[in-house]
Structure formats: C-alpha cells, structure tokens
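Residue numbers (our numbering): 151 to 674. We treat Cβ as the ideally placed atom computed from N, Cα and C, and that holds for glycine. First up is the structure itself, then whatever we jot down about it.
Here it is as structure tokens:
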C-alpha cells in the first residue's frame, strides 16, 4: 500500500504505473498489460503459499497454547484475533476483485487458467464502482472503512507492549492510507484516488492482489513474532534478570529488611542455590511455589545499602548463575512533622491560608491533621486553615502512622494576624495626598487595595464620606453622586477635599478596617 513513506515494493509498483501512463500516450502495447498480469499472477501464487505457511504457524501456536498455557496461551489468542481480522479483509478484497471482473465481463481462460490480461484495458470500471465526482461512492467508502477497521484491530491486538513496537511500525508503513502527493497534479490525492482511479482494469486487479499480499505478510510477521518471542521467553533463563522487591523503599535504623528477590518474569522455577549478602540461604524455607525468594535480614545503620547475591539454576544439565543486584536506603525514624505555610510563617484571620503538611518517610494517606478551621484539599499534603476569630495563635497537631503500626505525633504553633488596613485610592491609581482638577475628581471612582499583602485579595468600595469646605456627605457605592459632585464643583481653587470612612468588602470572613483616606487639592 502507499502512503507518505513508501516501501521498496510500493516504489516499484508506482514506477510500473508511471511506465504504464507513459505507454498510454504512445498507444500502449498489449505487452504492458500482460506485464501487469504476470505481476498479479506472482502475487497470487505468493498468497497461496503464505496461506499454507500461516495456517501451520497458527496451528503450532494453538497447540503450544494448549500444552503450555502459561507461556503460549496469550500469544495463541493474539494470533487467532489477527487471523480472523485478516481473513475478513482478505475476503472483502476478493469480493471487489470479483466485482471488477463481473463489471468488465472478464473470464478466466479454461485452457490457460489465466485472465485475458491483454483485454483488461478499461479504465472506468473502478471509476464507476468506487468514485463519484471528487468523492467516493458508498462502495468506495466501505473499502476505506474495512481497511481502517483492520488497522485498528491489529493495533488493538498488539497494544502498547514495547516488544511489538518495531513490528507495529512496519505494519503502519505497509498499511499507510494517508494522502499522497501527486507531482504531476502538484496536489495531494486521497489513497484510493492515487492508487486506483483512472487505471486499467488489470492494473487495479493486480494492486488488489498486492493488497491481499500485504495482509498475508502481516499475518506471517505477527505469527512469527508471537511464536519466536514467546518461545525464547518460555524455554530459556539466560535473559532473565533478578529483581529485588523491597516491601518499602526506606527503612528505620534497627529494623529488619523485608522484601523478596524475583526473576524478571514470575515462573515456578526453583533455584538450586541462593546466596544473599555472602550468605547461602536455605532454599526449602526461603523460596515459595512462585519462585520468589523471601528475604529477612537486619538493614544496618542509616544510609544507602547494596544487596548482592546470586541465583543458581540448572538448564540443560548446566548451571546458570543469575546475579542479584539491588539497593535500599535506611533513613532515621521520623520524630517531627514538617509543616510549612505556603505564604508566610503566620496565618491571617478570615482567610483560607494554604498549608503543606507532611511527615518524613510517611505517605500522605497515613498522616492526619487536627486544628480549628483546618480542611484537607486535593494534592499531596495540601490543606487550608481559616483561623478562629479570636486569639493570637493556633496550634496544628499532626499524627502519623508508621508501617509497623506505631504512631508518632508533632505539633506546631502559628501566629494569627489580622488582615492589614486597605489603602484608599482613585481610579487612576493615585492615593494619599494628590492634586487634580474638578473634572477628573468627579468622574473618578473610589477604590481600595492591599499593597504589599502576600495574598491576592480583591476589594470593592461599598460606601465612603466626602468632605468639602466643612460639609460632609455620605455616598453609597464607589462613585461620587450628584450631591458630592455639586460640593466639588462649587468649591474654589485649592480647596482641600477629604475622602474617608471608606468601607471595603472582600471575600474574607472577617471585618475589614476602613481604607486609608484620600486628600485631594483642587487644581481649578
């Protein structure tokens, strides 16, 4: 099949098509049509031979799956799924070949057993069967559906197993149905258009047989892959690797190491000898029915440690030694919790203060935290605390359950601070004492913020007082009302205007102090 990246065989087929097109312009000879016929015959013979070979491989896998289910059943099941999917697509392609012969009224010669290659020069057969205008007929669409379904099934059977990666890459290249660049047309063409539209019947017929050959090649490749990889894995121990599986990644000083040493694949294979840390282990007591060697020894002092040893097996009456290599870390037994405020070493009243709480060497699900107003959030060791409305400090108690069931606890005290006084400012960002004209003041809005505060705490102004020449007016909202504007507009130049008692609202669950006042000197 063709695609963005073409195989050597596909390049050869495409070259033949180019030769054919050139010959058409020169009143193409019958010899060229016969050449396509001979190519089709060779693919057909190859398909027959591949069918016999693939059936033998599949039967071999099925037999081995029955005899040694643990080693071969999965491979046999995969192979059977590939076989069913391949047969379905193969037969569908065969039905399209039959339809092509029927439409062209081509019949096999009873004497030669061959099709009339030299007469199969019609170019409109598949054009009528598969194509309509610039698109596909229902039959043409079904062809693509069948091919894509086959590709999806093969990918599903192979899955994401790394050992099938190269085989899957070869399959994807073989069945690449992406658009193809047509240099003559200087445009991309769809897969069916590029390969079948406008070609003589014998060329399309041969290409379908080549497509069937791709299916047989896929079967053969997969069956050999399943049989070869599984066979090697099942009958040899040379490629196995000993793996140390510790019950946990770190141990406390004075503990005993608990874990096991296993091969890279679980198998009921009993070693003849096992040595760990220079000491020979009693096989009868240490190795279970699964082939796992159970280990139990003192871990030693704090620090990183190595595990060294050797598995010895008998294979073909010869000893095979598999080295055991591993490491583990011994850490101090935890005595205190690690508690850190994400913002500062204080918490603020009325706000949800984020905290990160952990206990060294203890998983998050075995750590419990108690404090007034504390709440667990999503994420490893993530909490928030809303301090009580009274008091100057809050104590956080942390309790951890160790792997051996023992419990350790720790507590930390955090200072509670009130939210700072907000700053009053005008909509242009000016605060404190400013000088501006009446127009700018009357169109300004009164705002508030918390400069240099560690939290992003949006604030809105709900109410404020404005004093002009001794007259004070209370305004609801954040903008001067008509009465306040009149006070400003009637005031002479250089009059001092005071905006104070600025009431602020925030999301905090506490009372916020009034924002700092704004002093304005009128410039006109």
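- 8 angstroms Cβ cutoff met for residue 591 and residue 638: yes
- Message: Whole angstroms are fine: how far does the CA of residue 618 sit from the CA of residue 669?
- Response: 11 angstroms
- Look at the Cβ atom of residue 427, then the Cβ atom of residue 458, and state whether they are nearer than 8 angstroms. yes
- If we call anything under 8 angstroms between Cβ atoms a contact, is residue 412 one with residue 395? yes
- Task: Would you grab the beta carbon distance between residue 566 and residue 499 for me? Rounded to a whole angstrom, and I think it's under 8 angstroms.
- Result: 6 angstroms
- Can you tell me where the beta strand (DSSP E) with residue 615 in it begins and where it stops? 610-618
- Item | Proximity of residue 268 and residue 180 at Cβ, strictly below 8 angstroms | yes
- Task: Check residue 639 in the structure and name its three-state DSSP category.
- Result: helix
- Task: Reducing DSSP to helix, strand and coil, say where residue 442 ends up.
- Result: coil
- Query: Where residue 598 and residue 611 are concerned, what is the direct C-alpha to C-alpha distance, given to the nearest angstrom?
  - Reply: Distance between residue 598 and residue 611, taken at the CA atoms: about 7 angstroms.
- Task: Measure the Cβ-Cβ separation of residue 587 and residue 674 and say whether it is below 8 angstroms.
- Result: yes
- Beta-carbon proximity of residue 351 to residue 254, cut-off 8 angstroms: yes
- Message: Restricting to runs no shorter than 3 residues, where is the beta strand (DSSP E) found entirely within the segment 538-609?
- Response: Counting only runs of 3 or more residues that sit fully inside the segment 538-609, the beta strand (DSSP E) segments are 543-551, 557-567, 573-576, 583-586, 596-599, in chain order.
- Query: From 556, 336, 601, 623, pick the residue whose C-alpha is nearest to that of residue 569; which is it?
  - Reply: 601
- Could you pull out every unbroken alpha helix (DSSP H) segment of at least 4 residues lying fully inside the segment 315-378, listed in chain order? 315-324, 341-346
- Item | residue 290 classed as buried or exposed, judged by whether at least 16 other C-beta atoms fall within 10 angstroms | buried
- Item | Closest residue to residue 614 among 626, 604, 420 (Cα-Cα distance) | 626
- residue 347 and residue 242 closer than 8 angstroms at C-beta: no
- residue 474: which of 624, 353, 429, 285 sits nearest, CA to CA? Comparing Cα-Cα distances from residue 474 to each of 624, 353, 429, 285, the minimum goes to 429.
- Message: Looking at the strands, I want to know which residues DSSP matches up with residue 476.
- Response: 457
- Task: Give me the Cα-Cα distance between residue 339 and residue 283, rounded to the nearest whole angstrom.
- Result: 14 angstroms
- Query: How far does the alpha helix (DSSP H) with residue 504 in it reach, from first residue to last?
  - Reply: Careful: residue 504 lies outside any alpha helix (DSSP H), inside the beta strand (DSSP E) at 503-509.
- Message: When you compare the CB positions of residue 507 and residue 496, do they come within less than 8 angstroms of one another, or not?
- Response: No.
- In angstroms with no decimal places, state the Cα-to-Cα distance between residue 444 and residue 409. 6 angstroms
- Simplified DSSP assignment, three categories, for residue 292: Secondary structure at residue 292: helix, using DSSP grouped into helix, strand and coil.
- Query: From residue 301 to residue 322, what distance separates their C-alpha atoms?
  - Reply: 8 angstroms
- Please report how far the alpha carbon of residue 188 lies from the alpha carbon of residue 223, in whole angstroms. Cα-Cα distance, rounded: 41 angstroms.
- Tell me where the alpha helix (DSSP H) around residue 182 begins and ends. 180-217
- Item | DSSP three-state assignment for residue 670, whether helix, strand or coil | strand
- Residues sharing a beta bridge with residue 533, DSSP: In DSSP, residue 533 forms a bridge with 505, 526.
- heavy atom of the ligand ZN below 7 angstroms from residue 569 C-beta: In terms of ligand content, the structure shown is empty, and the ligand ZN therefore cannot be addressed.
- Host beta strand (DSSP E) of residue 407 (start-end): 406-412
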